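Undergrad:
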């Protein structure tokens, strides 16, 4: 059996923090993907890969172990997502591997099982879940489907460097800092939820901006203040989001035709800020591309 699955990456999160003692984020999936192909054949005796990372290997091993499958497989990953930036690249690889390997050995997809295996490997983004969700990326205690959205154009910038997700979440001061920003995070959460429910993209942008600002005490983003100043005078800018544990800044734009003009103004005002890509925020969820 050969199966190919794709899972979207992210531009960080729309909101991230702690409410009532539970870690969570609101997903910000984008139209950029990781593609994983798993081939299972009774002649295979081991897991072979095309330079696949250890996390994907661990994912297929844990999946096979759960289903008591003792054969081998060939796995390949083709990803358009950058590492260490906050694009949920590892989540996309891991989850796509779990789904592809599950289907390749003839088993059924179980979202709860996928979540449990992924979380046993590392903190996990909810981008593989349908629509936009609030999700506990550390323990899976919270999963709330907030709804569906129309695509939102987004300009994605990178401040440089990399952030290791495991090290970030192991910081000794993280719990204290999240507690201090809980009120702002709660307000941001409510704004985004309302925006999704009534289809108001500007409310979504306002909530994302509030969460981004409150996260400056946790992981500071240079350029954010100047981008906010620009957003105040440019009606086409809906808001600003960040990778709360990464290096990305996203500019949510009202429509596609305004993207070039806003990009030009940002480049003029902040020439050192690296523009990675212009894409769109979409509804999350995995897709099975091939199964034979």
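Residue numbers (UniProt numbering): 1 to 292.
All C-beta atoms in this analysis are idealised placements derived from N, C-alpha and C, irrespective of residue type, glycine included.
Source: prediction; values computed, not measured.
(1) Mapping DSSP to helix, strand and coil, what is residue 218?
(2) With DSSP as the reference, label residue 287 as helix, strand or coil.
(3) Considering only the alpha carbon of each residue, which of 131, 84, 23, 121 lies closest to residue 8?
(4) Sorted by chain position, which residues of the same chain lie with C-beta nearer than 8 Å to residue 107's C-beta, five sequence neighbours on each side aside?
(5) Taking Cβ to Cβ, would you say residue 93 is nearer than 7 Å to residue 56?
(6) To the nearest angstrom, report how far apart residue 258 and residue 218 are at their CA atoms.
(7) When the distance is taken between beta carbons, is residue 86 closer than 7 Å to residue 12?
(8) So what's residue 9 in DSSP terms, helix, strand or just coil?
(9) Taking the alpha-carbon of residue 267 as reference, which of 223, 73, 286 has the nearest alpha-carbon?
(10) I need the DSSP call for residue 250, collapsed to helix, strand or coil.
(11) With H, G and I counted as helix, E and B as strand and the rest as coil, what does DSSP make of residue 213?
(12) Quick check: what's the CA-CA separation for residue 168 versus residue 133?
(13) Would you list the one or two residues that DSSP bridges to residue 33?
(14) Within the chosen definition, does the segment 31-43 reach the segment 136-147 through at least 3 CB pairs nearer than 8 Å?
(15) The beta strand (DSSP E) that contains residue 373, what's its start and end?
(16) Leaving out the 5 sequence neighbours to the left and right, which residues in its chain are closer than 8 Å to residue 157 when beta-carbon positions are compared?
(17) Run the CB neighbour count on residue 6, radius 10 Å, all protein chains shown included, and call it buried at 16 or more, exposed below.
(18) Considering only the alpha carbon of each residue, which of 227, 191, 155, 245 lies closest to residue 174?
(19) Measuring CB to CB, does residue 84 end up less than 7 Å from residue 163?
(20) Pick from 95, 102, 141, 187: whose alpha carbon is nearest that of residue 291?
(21) How about residue 269 and residue 14: are their beta carbons less than 7 Å apart?
(22) Note the first and the last residue of the continuous beta strand (DSSP E) segment covering residue 135.
TA: So, from the data block:
(1) coil
(2) strand
(3) 131
(4) 67
(5) yes
(6) 31 Å
(7) yes
(8) strand
(9) 223
(10) strand
(11) helix
(12) 22 Å
(13) 8
(14) no
(15) Examination of residue 373 is not possible in this model, given that the chain is present from 1 through 292 alone.
(16) 223, 248, 249, 250, 251, 266, 273, 274, 275, 276
(17) buried
(18) 245
(19) yes
(20) 102
(21) no
(22) 132-135
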